[in-house]
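Enquirer:
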Amino acid sequence: MVTLFRNYFITGVFVSLPLVVTIWVLWLVFRTVETTLGAFLAWVIGLVTGEPRHIPGVGLVLTVVVLMLVGMVATNVIGRRLVAAGERLLLMFPVVRPIYTGVKQVIEAFGVKRTSFREVVLLQHPRPGLWAIGFVTNEGRGLIAAHFSEPVKTVFVPTAPNPTSGFFVIAPERELIRLDMTPEEAFKIIVSGGVIMPNGPEDGGRSLDG
């Protein structure tokens, strides 16, 4: 029973961490913008009208604008270099390094980088008889496909509980079993080590034991 509760607690931490960190960062940015730019804007209004006045909601609007500007900067070459330089600076501090790296990996696992995952599949890995969840990243084509006599696909097989690392495999399409689930559901299974499992029909497809 203790082990079960511990597993539930750990799973809850992993699943909730990206959301909690996102909310905390947004709140921190909001408070910073509200106390700096908001106060500056109130001062400017005071110069014009003769009486400083705080505009309700200005902090939220300015926060959205600031985040959009950061996103615009981070998507160009100079911005990416600045972000990389900032990361290198943070990683120089031994106390900050493991916290920043861990949070970044979890957020990346649940973030926009997953959009390249086209479908969730089951495949036998690392040996026949053992099954793993994988993500199809591309259709086999070009020089790689030329070495096969049948259709193949490239698959990323993540590790648990850290799905940002894993294995890249090229598998025949006939050996892949497509799962009717979203990448989000699959990542929850992987991060939780199988504790979280989506509901579905018990007799839902091909038998895996022959």
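So for the sequence shown, our numbering puts the first residue at 3; every next one is plus one. All C-beta atoms, glycine included, are put in the ideal place defined by N, C-alpha and C.
#1: For Gln126, which residues of its own chain have a beta-carbon under 8 angstroms away from its beta-carbon, when the five flanking residues on both sides are left out?
#2: Classify Asp171 as helix, strand or coil using the three-state DSSP reduction.
#3: Quick one: give me the first and last residue of the beta strand (DSSP E) that Leu125 is part of.
#4: Considering Pro185, what are the terminal residues of the alpha helix (DSSP H) in which it resides?
#5: Examine the Cβ distances between the region 185-200 and the region 158-166 and report whether three or more of them are shorter than 8 angstroms.
#6: Please list, in chain order, all residues of the same chain as Pro174 whose beta carbon is under 6 angstroms from its beta carbon, the five residues on each side excluded.
#7: Would you identify the three-state DSSP class for Val22, choosing helix, strand or coil?
#8: Start and end of the alpha helix (DSSP H) containing Ile198?
#9: Please tell me whether Val123 and Val171 are closer than 8 angstroms, where the distance is taken between their beta carbons.
#10: Taking Cβ to Cβ, would you say Val85 is nearer than 8 angstroms to Val31?
#11: Please report the distance separating the alpha-carbon of Leu43 from that of Leu93.
Expert: Quick answer:
#1: Sequence-distant Cβ neighbours of Gln126 in its own chain, meaning closer than 8 angstroms and more than five residues away, are Leu132, Trp133, Ala134, Glu177.
#2: The amino acid at residue 171 is misidentified as Asp; the sequence shows Val. If DSSP states are grouped into helix, strand and coil, Val171 belongs with the strands.
#3: For Leu125, the enclosing beta strand (DSSP E) begins and ends at 121-126.
#4: It spans 185-193 - the alpha helix (DSSP H) in which Pro185 sits, taken as one unbroken run.
#5: The region 185-200 is in contact with the region 158-166.
#6: These residues qualify, in order along the chain: Glu152, Val154.
#7: Val22 falls in the helix class under three-state DSSP.
#8: No alpha helix (DSSP H) contains Ile198, which DSSP labels as neither H nor E.
#9: Taking 8 angstroms as the Cβ cut-off, Val123 and Val171 do not qualify as a contacting pair.
#10: For Val85 and Val31, no; Cβs fall outside 8 angstroms.
#11: Take the alpha-carbon of Leu43 and the one of Leu93: they are about 35 angstroms apart.
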